[in-house]
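If you read the sequence shown in the working numbering, its first letter stands for residue 12, the second for the next number, and so on.
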Amino acid sequence: LTTLGNLGWPVGQALSNQIFGTFKPTLSDPHNYVRDEPSFRLLVAASYLLSYLFSFLSLVTLPLLPNQKDDAQRRKRDWPSRDAYALATIAIVVSALCYAFLVNLLVIFPGTA
12 LTTLGNLGWP
22 VGQALSNQIF
32 GTFKPTLSDP
42 HNYVRDEPSF
52 RLLVAASYLL
62 SYLFSFLSLV
72 TLPLLPNQKD
82 DAQRRKRDWP
92 SRDAYALATI
102 AIVVSALCYA
112 FLVNLLVIFP
122 GTA
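Written as structure tokens, this is what we have:
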């Protein structure tokens with residue numbers, strides 16, 4: 012369970028590296044901040060808006076959580092159990108872990124950053 016909780020940060024970093032890497036001029040060049048051009052300010056504002064949009068978008072998943080312990084136990088007792096759910100969960104977690112590892116590894120090298 013703690014692995015799933017700790018997986019959010021590396022996957023988020025990998026996604027942000029890929030998304031913000033498409034922004035031109037680049038957000039990772041300190042000279043862009045020193046120049047302080049109005050177009051770059053709009054780009055930084057857009058990056059903040061995008062970050063907050065994804066944060067608030069994650070709140071959409073809250074209704075999937077059980078309300079209380081009784082609700083969780085009722086779901087466990089009444090909802091169908093399928094091996095496909097477990098396999099899908101494992102596949103998603105392993106895929107996310109591999110994705111985050113590879114993208115964060117590729118960011119280290121200048122040619123693939």
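Virtual Cβ for every residue (Gly too), placed ideally from N, Cα, C. Please read all numbers here as calculations on a predicted model, not as lab measurements.
Trp-90 carries a coil assignment under DSSP once its states are collapsed to helix, strand and coil. Annotated as proximal: Asn-43 and Pro-36, with beta-carbon spacing under 8 Å. In this structure, DSSP gives Asp-82 a helical state, which the three-state scheme calls helix.
When DSSP states are grouped into helix, strand and coil, Pro-21 belongs to the helix group. In the displayed model, Ser-27 falls within a helix according to three-state DSSP.
Counted as a single uninterrupted DSSP element, the alpha helix (DSSP H) harbouring Ser-66 occupies residues 49-68. Rounded to the nearest angstrom, the gap between the Cα atoms of Leu-117 and Arg-88 is 45 Å.
For Val-45, the enclosing alpha helix (DSSP H) begins and ends at 41-46. Under the three-state reduction of DSSP output, Gly-16 falls in the helix class. Nearest neighbour of Thr-33 by Cα position, chosen from Ala-57, Ser-66, Tyr-63, turns out to be Ala-57. Between Tyr-96 and Val-22, the gap from beta carbon to beta carbon reaches 8 Å or more.
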